[in-house]
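J.: In order, the protein sequence lines correspond to chains A and B.
Start counting the first sequence at 13; every next residue gets the next number (our numbering).
Start counting the second sequence at 4; every next residue gets the next number (our numbering).
Don't be surprised by glycine CBs; every beta carbon is placed ideally from N, CA and C.
Please read these numbers as outputs of a predicted model, since none were measured by experiment.
One structure, pasted below without further comment.
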Amino acid sequence: MDNINELIDKLAQDTVPVRPAHHPFMLSIEWMVVAGFYLAAAMMLSGARHDLLLKLHDPWFSGEIAALVGVFISTALSAALLSYPDLHQKRRIAFAPVAAFAIFVLVMLFAWRADNPPAPLPVHSFECTLSITLLSVLPAGWIFFVMRQFASTHSHWAGGIAFLFAFSIGALWLRLYEQNDSIMHVVEWHYLPMIIFGLIGMWLGKTVLKW
Amino acid sequence: MTDQIDNLEALMKQSLAGDQRAYAALLHEISRLLRPFLAKRLSFTNEVDDLLQEILISIHKARHTYDGNRPCKPWVYAIAKFRLQDHLRAHYSDQLHHADDLSEMEEYLQQDVTEITLSYESISGEVEKLPEKQAIILRLMHQEGYTAKEVAEKIGMKESAVKVAAHRAYKVLRQKLGR
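Take a look at the structure:
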């Protein structure tokens, strides 16, 4: 009991005015804006696929992009909430990526069914995963760095969701850049590796976001 | 009850503004709140005190994640539960580790732990390279002839813990001496 009193006195003596962290909604908007600039810069450097405007008239392609944007927004929001010990008392919103991924999977299923006759598979394969990973490494590192300044009590989930957010930036970039219409290829080499990426994020989150 | 909650939030707001007295009052209030919560979940008073200290430090570190515009109690309990889980995880993994050692030793415990086929003098150089506690145990058992029970009493450990430490030391020595 004496130890507790001593500790409290010491902590009270050490205290200084503290600026409360931003609201998680503001935080996620900040992250999305920065990520948006990063994506725009990547697009400027690589260029967009030459038939992008035409493809955006294809409902399944634009549906896929919209669902991917949904994943991007929901993961940003969820990662921001997961950075707070009490999830800012908005636990339900932290589950938003579940709905976003469900919609995304549905859209991909419909897009796959609509891909008839199937578009030819491109000659390359793992290069797409590699490109997405390379583009996502920087945002993943940055978001982990920012999240370390908070106090997550769900570090593995926070890490996983943060990595999915970073990966969705890479996935968006490649989908807007690569001249490819094969849904099979996109699912296999663009989106399925997302699961592995999320698992790596969970593993890293447990160590890196520990406080 | 509402007063107490309002009080916590008001104290937290003042603390964030740098009011040291409010902060001390807040931490006292939080420890008063958490002590029964922890006591219900832990068996020993010293464990409760240790964990409570850890939780208070965590609250201090994470205080910037509270903005004063939402209830304070769920925030406090989220941190307390997180630290409690950490503590229990570490506690049980330690016990599991200990249990593994004991099961590994099941047959070994039937034997006389002071029995070693090499003379202590011939391997004393290797013994000194062991972690301090293991080296002391082996020295007491093999050079000075104490039993595991006597060593346990002498260095304030449990007899089973002494046997486990001796067993680990033998394992290392066996590997080093290629036997």
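Against chain A, does His94 of chain B count as a neighbour if the rule is that its beta carbon must be under 8 angstroms from one of theirs?
T.: Counting from one through the second sequence, the residue named residue 94 of chain B turns up at place 91. Not an interface residue.
J.: Helix, strand or coil for Leu30 of chain B, going by three-state DSSP, please let me know.
T.: Here residue 30 of chain B refers to the residue found at position 27 of the second sequence. Helix, per DSSP.
J.: Mind listing which residues of the stretch 60-78 of chain B have their C-beta closer than 9 angstroms to chain A's C-betas, in chain order?
T.: Those residues of the stretch 60-78 of chain B that come within reach of chain A (Cβ to Cβ, closer than 9 angstroms) are Ile60, Ser61, Ile62, His63, Lys64, Ala65, Arg66, His67, Thr68, Tyr69, Asp70, Gly71, Asn72, Arg73, Pro74, Pro77, Trp78.
J.: Go ahead and pull the three-state DSSP assignment for His34 of chain A.
T.: Working through the first sequence from its first residue, we reach residue 34 of chain A at position 22. In the structure shown, His34 of chain A sits in coil (DSSP, three-state: anything other than H, G, I, E or B).
J.: Taking only beta-carbon atoms, is Ser46 of chain B less than 8 angstroms away from chain A?
T.: Along the second sequence, read from residue 1 onward, the residue named residue 46 of chain B stands at position 43. For Ser46 of chain B, the answer is no, since every Cβ of chain A falls outside 8 angstroms of its Cβ.
J.: How about Ala25 of chain B and Gln17 of chain B: are their beta carbons less than 8 angstroms apart?
T.: The count along the second sequence starts at 1 and reaches residue 25 of chain B at position 22. The count along the second sequence starts at 1 and reaches residue 17 of chain B at position 14. The answer is yes: Cβ separation under 8 angstroms.
J.: By how many angstroms is the C-alpha of Thr165 of chain A removed from the C-alpha of Glu76 of chain A?
T.: For this step, residue 76 of chain A is matched to residue 64 along the first sequence. For this step, residue 165 of chain A is matched to residue 153 along the first sequence. Taking the straight line joining both Cα atoms gives about 33 angstroms.
J.: Looking at the C-beta of His168 of chain A, does it have a partner C-beta in chain C at a distance below 8 angstroms?
T.: Considering every chain present, this structure includes no chain C. Its protein chains are A and B.
J.: Does the pairing of the stretch 152-160 of chain A with the stretch 175-192 of chain A give three or more beta-carbon distances under 8 angstroms?
T.: Yes, the stretch 152-160 of chain A is in contact with the stretch 175-192 of chain A.
J.: With respect to the alpha helix (DSSP H) encompassing Tyr189 of chain A, which residues constitute its N-terminal and C-terminal limits?
T.: Here the question's residue 189 of chain A lines up with position 177 in the first sequence. Unbroken alpha helix (DSSP H) run through Tyr189 of chain A: 167-189.
J.: Within 8 angstroms of any Cβ in chain B, is that where the Cβ of Trp215 of chain A sits?
T.: As a working mapping, residue 215 of chain A is identified with position 203 in the first sequence. For Trp215 of chain A, the answer is no, since every Cβ of chain B falls outside 8 angstroms of its Cβ.
J.: Mapping the DSSP letters down to three states, classify Tyr80 of chain B as helix, strand or coil.
T.: Locating residue 80 of chain B in the second sequence gives position 77, counting from the first residue. It is helical.
J.: In the DSSP assignment, find the alpha helix (DSSP H) that holds Asp9 of chain A and state where it starts and stops.
T.: Examination of residue 9 of chain A is not possible in this model, given that chain A is present from 13 through 223 alone.
J.: So which of A:Phe37, A:Pro130, A:Leu23, A:Ala33 has the shortest CA-CA distance to Leu29 of chain B?
T.: In the second sequence, residue 29 of chain B corresponds to position 26, counting from 1. Nearest of A:Phe37, A:Pro130, A:Leu23, A:Ala33 to Leu29 of chain B, Cα basis: A:Leu23.
J.: Let me check understanding here. Comparing Cα to Cα, which of B:Gln88, B:Lys174, B:His170 lies closest to Leu55 of chain B?
T.: As a working mapping, residue 55 of chain B is identified with position 52 in the second sequence. Of the listed residues, the one whose Cα sits closest to Leu55 of chain B is B:Gln88.
J.: With burial defined as no fewer than 16 other Cβ atoms inside 10 Å of the residue's Cβ, what is the status of Ile20 of chain A: buried or exposed?
T.: Counted from its first residue, the first sequence places residue 20 of chain A at position 8. Answer is buried; the Cβ neighbour count reaches 16.
J.: So which residues of chain A does Gln56 of chain B contact, with C-beta pairs closer than 7 angstroms?
T.: Within the second sequence, the letter at position 53 stands for residue 56 of chain B. Correct list: Asn15, Ile16, Leu19.
J.: Taking Arg187 of chain A and Leu118 of chain A to be in contact with their CB atoms under 8 angstroms, please state how far apart those CB atoms are, rounded to whole angstroms.
T.: Residue numbering aside, residue 187 of chain A sits at position 175 when the first sequence is read from its first letter. Residue numbering aside, residue 118 of chain A sits at position 106 when the first sequence is read from its first letter. Not quite, the Cβ-Cβ distance comes to about 17 angstroms (not below 8 angstroms), so this is no contact.
J.: To the nearest angstrom, how far is it from the Cα of Ile105 of chain A to the Cα of His197 of chain A?
T.: By 1-based counting over the first sequence, the position of residue 105 of chain A is 93. By 1-based counting over the first sequence, the position of residue 197 of chain A is 185. Approximately 32 angstroms between the Cα atoms of the pair.
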